[in-house]
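The structure under discussion appears below in the form of structure tokens.
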Amino acid sequence: MPVVPSIRALDPRETEQFFVYLNDHLRDNGTHGHPLFQPMPRSQSVFPEEKAVAFIKGMGIAVGQPGWRRAWAATGQDGILGHVDLRARPEGGSAHRALLGMGVHRMARRQGLGRVLVRSAMDWARQAGLEWVDLEVLSINEPARALYRDCGFRQTGEIADMFRIDGEQLAYTLMSVKL
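Next comes the structure, spelled out in structure tokens:
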């Protein structure tokens, strides 16, 4: 049965709870039959403090300005079940595009929540006047790539041997969708 959570914008005052969820989610990175979904060693899969600071700061920056970020959380009776975020691309002259990041908690995977989260972010991006949404995904993460294809993303490139993690050479797939 599909998960029917509430999806709402993440309030900056809730970030402590959000990072607890995110670090729990990252414990699955490449373990227990889950694909490696973040380019970090399995034994060190935690959200770095400096990224947490930038995440929080970005939520207070206007869309279109360098460093902006918006995030949404899917919540149910068990707390946060998933998240999606959009953020400014780091390259100058790309204010018409955003980078997407997302994750679904182990309790809610393979129930349609990822698709709902991605579509929610894309609807918001259209309303915000963005024209493209891009993402980067480890090429070995076929479940995520399939989800993104189902949501309209198309592969625009692949960077071979982008990462060397835990003795593995890993490629990065680049995907985009025009809104």
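Per the working numbering, the sequence shown runs over residues 64 to 242.
All C-beta atoms in this analysis are idealised placements derived from N, C-alpha and C, irrespective of residue type, glycine included.
Residue pairing for LEU162: DSSP places it in a beta bridge opposite ARG150 and ASP197. Across the set LEU162, LEU233, VAL179 and ASN92, the C-alpha of LEU162 shows the shortest separation from the C-alpha of TRP195. Sorting GLU154, ARG173, GLY175 and LEU180 by C-alpha distance to the C-alpha of GLY164 places LEU180 at the top.
Only residues of its own chain outside the window of five on either side were considered, and among them LEU233, ALA234 and TYR235 have a CB closer than 7 Å to the CB of MET225, listed in chain order. Using a 10 angstroms sphere on the CB of MET170, the tally of other CB atoms stays under 16, which defines it as exposed. Of all C-beta pairs linking the segment 192 to 212 to the segment 100 to 116, three or more are shorter than 8 Å, placing the two stretches in contact. Excluding five sequence positions before and after ILE119, the CB atoms of its chain that fall closer than 8 Å to its own CB belong to PRO75 and THR78, given in chain order. By the Cβ criterion, the segment 134 to 147 is not in contact with the segment 106 to 113, since fewer than three pairs of Cβ atoms, one from each stretch, lie closer than 8 Å. Residue ranges of uninterrupted alpha helix (DSSP H) with 4 or more members, entirely inside the segment 94 to 137 and ordered along the chain, are 112 to 121. Taking the Cα of ALA151 as reference, the smallest distance to any Cα among ARG71, LYS241, GLY127 and GLY96 is reached at GLY127. Exclusion of the five residues before and after ARG173 leaves no residue of its chain whose Cβ lies closer than 7 Å to its Cβ.
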